[in-house]
């Protein structure tokens, strides 16, 4: 874990859903040799993400666990309402409009928001302004028509 400020990347969903995008981002995180925390706002939604990560592809799964379960510290991907970094993760994923909270110790934070949801869009814009004023290391990613991610800011 690093003492420097993390990179904070905004992912603007327009063509895909969180359930379609999150597994791929988590796969890339694990390929880097990193661990991840996925911070969600509600336990029932984390249960849905939990199920999806086991079944999103018929030929594989993403190893993960819930922060409320035993062995949380050993999980490569940890699903949590608090976002406490119990597994010494380098990546923090903020989903379903959950709070960013403390980012110390992370290399990169991903704020994933649904651009088709006006409340989520406004919240993301406000977060961007607040973080930019704090001189955070920001990046903004949008999906192309082909479904690939393109850095837009």
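Numbering (this note's numbering), first residue to last: 652 to 804. All residues carry an ideal CB built from backbone N, CA and C; glycine is no exception. It should be emphasised that the depicted structure is a prediction, and the values quoted were computed from it without experimental measurement.
In the three-state scheme derived from DSSP, where H, G and I count as helix and E and B as strand, residue 696 is classed as helix. Here DSSP, grouped into helix, strand and coil, assigns residue 765 to strand. Two segments are said to touch when three or more pairs of C-beta atoms, one from each, lie closer than 8 Å; by this definition the segment 671-680 touches the segment 700-709. Sequence-distant Cβ neighbours of residue 722 in its own chain, meaning closer than 7 Å and more than five residues away, are 716. For residue 804, the three-state secondary structure derived from DSSP is coil.
By the neighbour-count criterion, in which a residue is buried when 16 or more other Cβ atoms sit within 10 angstroms of its Cβ, residue 698 is exposed.
The C-beta separation of residue 660 from residue 764 comes to about 11 Å, leaving the pair out of contact by the 8 Å criterion. From the listed residues 685, 745, 681 and 737, the smallest Cα separation to residue 691 is found for 745. Between residue 794 and residue 667 a beta carbon distance of about 6 Å is seen, short of the 8 Å cut, so the two are scored as contacting. DSSP, read as helix, strand or coil, puts residue 656 in coil.
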